[in-house]
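Chains as they are written, first to last, in UniProt numbering: chain A, 1 to 323; chain B, 1 to 111. The beta-carbon is built from N, C-alpha and C at its ideal position, and this holds for glycine as well. All figures in this text were calculated on a predicted structure; none of them were measured in a lab.
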């Protein structure tokens with residue numbers, strides 16, 4: 001950006017008000033979310049950078065006095081809504097195959113049958129995991145007198161984050177919905193990422209005699225620093241000490257249902273996987289991935305021992321790697 | 001994965017105020033992620049709220065009109081994304097296939 005005033009179509013004498021107006025005007029015609037033309041996007045970017053520099057009178061005065069220049073004042077590369085909305089997984093997209101008539105099958109083959117995800121898109125291709133909910137949609141009926149009508153409230157959809165352990169073991173989590181409704185949600189054991197939980201009657205208000213709609217919570221299972229999950233199998237990274245790695249022996253291992261004792265083989269290595277049968281989710285397995293951890297300090301005794309040991313027992317774990 | 005609290009979101013977006021955010025959420029025009037430690041906003045929510053603010057400020061759109069525009073924009077952006085994917089896939093096909101598809105499209109669209 002050479003001249004921020006020029007980017008806004010103004011001169012140095014413009015008032016603060018004119019600067020704001022000029023920026024708004026460009027935003028109106030050239031906003032990348034509304035105008036797909038790359039030239040418009042460039043104009044908007046330049047205007048936004050100019051506006052950021054000039055909107056603060058103090059900063060503008062420093063620029064006018066030559067104390068700061070226009071370079072380096074650009075907004076950090078910002079993603080517009082469009083950048084997200086064009087992706088397949090935009091959570092706000094309500095319908096997709098609707099409107100393709102006879103070709104909706106073709107559409108779904110190509111782009112996948114998407115659930116009617118958006119805030120209020122009842123019925124638009126709800127997925128199977130909603131178990132029969134679809135029949136309930138749009139169950140409105142005209143009341144006898146023809147005055148007003150009763151309609152079931154809208155179904156609403158939320159994203160719910162649950163921590164790793166709650167999802168693995170099952171449990172309850174207390175949440176407040178954006179409409180202020182506070183409630184306890186039961187998370188089933190082994191809940192999977194993307195799974196949907198239906199809360200009957202926790203959706204939008206009904207009209208007339210109509211009942212409330214349902215709320216659907218899409219689960220997002222969080223990561224855990226020590227645990228990983230693959231379906232019903234879980235993997236725990238277990239740190240072991242140098243002497244445990246060399247000598248083997250019994251170690252206590254956390255599982256989803258409390259600690260158990262496990263036999264460590266002699267000469268265990270980082271990355272080695274051991275199995276605890278049936279200790280995963282619902283009869284799945286737990287794997288224990290070992291990680292050898294050095295003592296916090298290598299004392300003189302250990303170093304001396306190693307020196308001596310190396311003299312007669314050196315080995316090359318990188319043998320045959322080439323390079 | 002960047003996440004924003006409501007306060008962080010308000011700080012990040014020039015035209016966003018607390019009542020305005022509450023209103024957008026109540027209208028379900030933006031839907032934060034819920035968890036047992038409160039609500040958070042993703043990057044997609046940040047970008048969406050930014051657009052909502054700009055439509056409110058620059059075009060004076062409110063409630064129903066705003067909702068309608070967002071629905072249309074979601075559909076349009078989504079379709080553009082799908083169209084791009086379709087064209088990218090087509091571009092990788094052999095000439096012969098592309099010509100056949102082109103011909104079919106012209107026949108359907110009548111030019």
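Can you list, in chain order, the residues of its chain with a C-beta nearer than 7 Å to that of residue i? Leave out the 5 residues immediately preceding and following it.
{"i": "residue 84/A", "result": "90"}
{"i": "residue 144/A", "result": "Confidence is the limiting factor: at residue 144/A the pLDDT is only 43, short of 50, which leaves the residue's position unreliable, though a coordinate-based value still follows. Contacts found: none."}
{"i": "residue 319/A", "result": "none"}
{"i": "residue 166/A", "result": "173 and 187"}
{"i": "residue 113/B", "result": "For chain B, the structure presents residues 1 to 111; residue 113/B sits outside this window and is missing."}
Using the Cα positions of residue i and residue j, report the straight-line distance between them to the nearest angstrom.
{"i": "residue 272/A", "j": "residue 230/A", "result": "18 Å"}
{"i": "residue 124/A", "j": "residue 215/A", "result": "Residue placement at residue 124/A cannot be trusted, given a pLDDT of 35 that sits under 50; what the coordinates show is reported in the next sentence. Distance between the alpha carbons of residue 124/A and residue 215/A is about 15 Å."}
{"i": "residue 46/B", "j": "residue 199/A", "result": "27 Å"}
{"i": "residue 17/B", "j": "residue 25/B", "result": "12 Å"}
{"i": "residue 282/A", "j": "residue 168/A", "result": "9 Å"}
{"i": "residue 287/A", "j": "residue 242/A", "result": "20 Å"}
{"i": "residue 171/A", "j": "residue 244/A", "result": "35 Å"}
{"i": "residue 12/B", "j": "residue 101/B", "result": "46 Å"}
{"i": "residue 37/B", "j": "residue 78/B", "result": "32 Å"}
{"i": "residue 79/A", "j": "residue 314/A", "result": "55 Å"}
{"i": "residue 164/A", "j": "residue 188/A", "result": "12 Å"}
{"i": "residue 70/A", "j": "residue 182/A", "result": "49 Å"}
{"i": "residue 42/A", "j": "residue 25/A", "result": "15 Å"}
{"i": "residue 32/B", "j": "residue 48/B", "result": "11 Å"}
{"i": "residue 256/A", "j": "residue 280/A", "result": "7 Å"}
{"i": "residue 110/B", "j": "residue 5/A", "result": "48 Å"}
{"i": "residue 136/A", "j": "residue 86/B", "result": "Unreliable positioning characterises residue 136/A in this predicted model, as indicated by a pLDDT of 36, which lies under 50. A coordinate reading is not provided."}
{"i": "residue 43/B", "j": "residue 302/A", "result": "50 Å"}
{"i": "residue 11/A", "j": "residue 3/A", "result": "9 Å"}
{"i": "residue 227/A", "j": "residue 234/A", "result": "7 Å"}
{"i": "residue 81/A", "j": "residue 180/A", "result": "27 Å"}
Run down chain B in chain order and give the residues with a C-beta less than 9 Å from the C-beta of residue i.
{"i": "residue 88/A", "result": "78, 81, 82 and 85"}
{"i": "residue 198/A", "result": "Correct list: empty, because the minimum Cβ distance to chain B is about 15 Å."}
{"i": "residue 110/A", "result": "82, 85, 86 and 89"}
For residue i, return the contacting residues in chain B, with the cut-off set at a CB-CB distance below 7 Å.
{"i": "residue 82/A", "result": "77"}
Just the chain B side, please: which residues come within less than 8 Å of residue i by C-beta, in chain order?
{"i": "residue 24/A", "result": "57 and 58"}
{"i": "residue 79/A", "result": "43 and 47"}
Which bits of chain A does residue i rub up against, with CB to CB less than 8 Å?
{"i": "residue 96/B", "result": "Within chain A, no residue comes near residue 96/B; the closest Cβ sits about 21 Å away, beyond 8 Å."}
{"i": "residue 26/B", "result": "178 and 179"}
What does residue i touch in chain A if you count any residue whose Cβ is under 9 Å from its own?
{"i": "residue 101/B", "result": "By Cβ distance, chain A contributes nothing, its closest Cβ being about 13 Å from residue 101/B, past 9 Å."}
{"i": "residue 32/B", "result": "158, 159 and 178"}
Does any residue of chain A bring its CB to less than 8 Å from the CB of residue i?
{"i": "residue 73/B", "result": "yes"}
{"i": "residue 4/B", "result": "no"}
Please list, in chain order, all residues of the same chain as residue i whose beta carbon is under 8 Å from its beta carbon, the five residues on each side excluded.
{"i": "residue 98/B", "result": "90 and 91"}
{"i": "residue 20/A", "result": "51 and 55"}
{"i": "residue 52/B", "result": "24, 29, 30, 66 and 70"}
{"i": "residue 249/A", "result": "263 and 264"}
{"i": "residue 14/B", "result": "53"}
{"i": "residue 8/A", "result": "14, 19, 22, 23, 26, 47, 50, 51 and 54"}
{"i": "residue 396/A", "result": "Residue 396/A is absent from the structure shown; chain A starts at 1 and stops at 323."}
For residue i, I'd like the list of residues in its chain whose CB is within less than 6 Å of its CB, leaving aside the five on either flank, ordered along the chain.
{"i": "residue 51/A", "result": "23"}
{"i": "residue 14/A", "result": "none"}
{"i": "residue 3/B", "result": "40"}
{"i": "residue 259/A", "result": "252"}
{"i": "residue 35/A", "result": "none"}
{"i": "residue 176/A", "result": "182"}
With a cut-off of 8 Å, does the C-beta of residue i fall near any C-beta of chain B?
{"i": "residue 93/A", "result": "yes"}
{"i": "residue 224/A", "result": "no"}
{"i": "residue 252/A", "result": "no"}
{"i": "residue 59/A", "result": "no"}
{"i": "residue 195/A", "result": "no"}
{"i": "residue 85/A", "result": "yes"}
{"i": "residue 272/A", "result": "no"}
{"i": "residue 209/A", "result": "no"}
{"i": "residue 220/A", "result": "yes"}
{"i": "residue 212/A", "result": "no"}
{"i": "residue 118/A", "result": "At residue 118/A the pLDDT is 39, less than 50, meaning the model places this residue with poor confidence; the figure from the coordinates comes in the next sentence. Taking Cβ atoms only, chain B reaches closer than 8 Å to residue 118/A, which makes this a yes."}
Just the chain A side, please: which residues come within less than 7 Å of residue i by C-beta, in chain order?
{"i": "residue 115/B", "result": "The requested residue 115/B is not part of the displayed model; chain B covers only 1 to 111."}
Let me check you understand the geometry: is the CB of residue i closer than 7 Å to at least one non-hydrogen atom of the ligand HEM?
{"i": "residue 89/B", "result": "Of the ligands one can find in the structure shown there are none, so the ligand HEM has no counterpart to examine."}
Chain C contacts made by the stretch 166 to 178 of chain A, where a contact means CB separation under 8 Å | As a matter of chain content, chain C is missing from the structure shown, whose protein chains are A and B.
Using a Cβ-Cβ cut-off of less than 8 Å, give me the residues of the stretch 39 to 59 of chain B that come near chain A, in sequence order.
-> Identification of residues in the stretch 39 to 59 of chain B having a C-beta nearer than 8 Å to some C-beta of chain A yields 39, 40, 43, 44, 47, 48, 50, 51, 54, 57, 58 and 59, given in sequence order.
Proximal residues, the stretch 7 to 33 of chain A versus chain B, C-beta separation under 7 Å = Going along the stretch 7 to 33 of chain A in chain order, one finds 24, 27, 28, 31 and 33 with a Cβ nearer than 7 Å to chain B.
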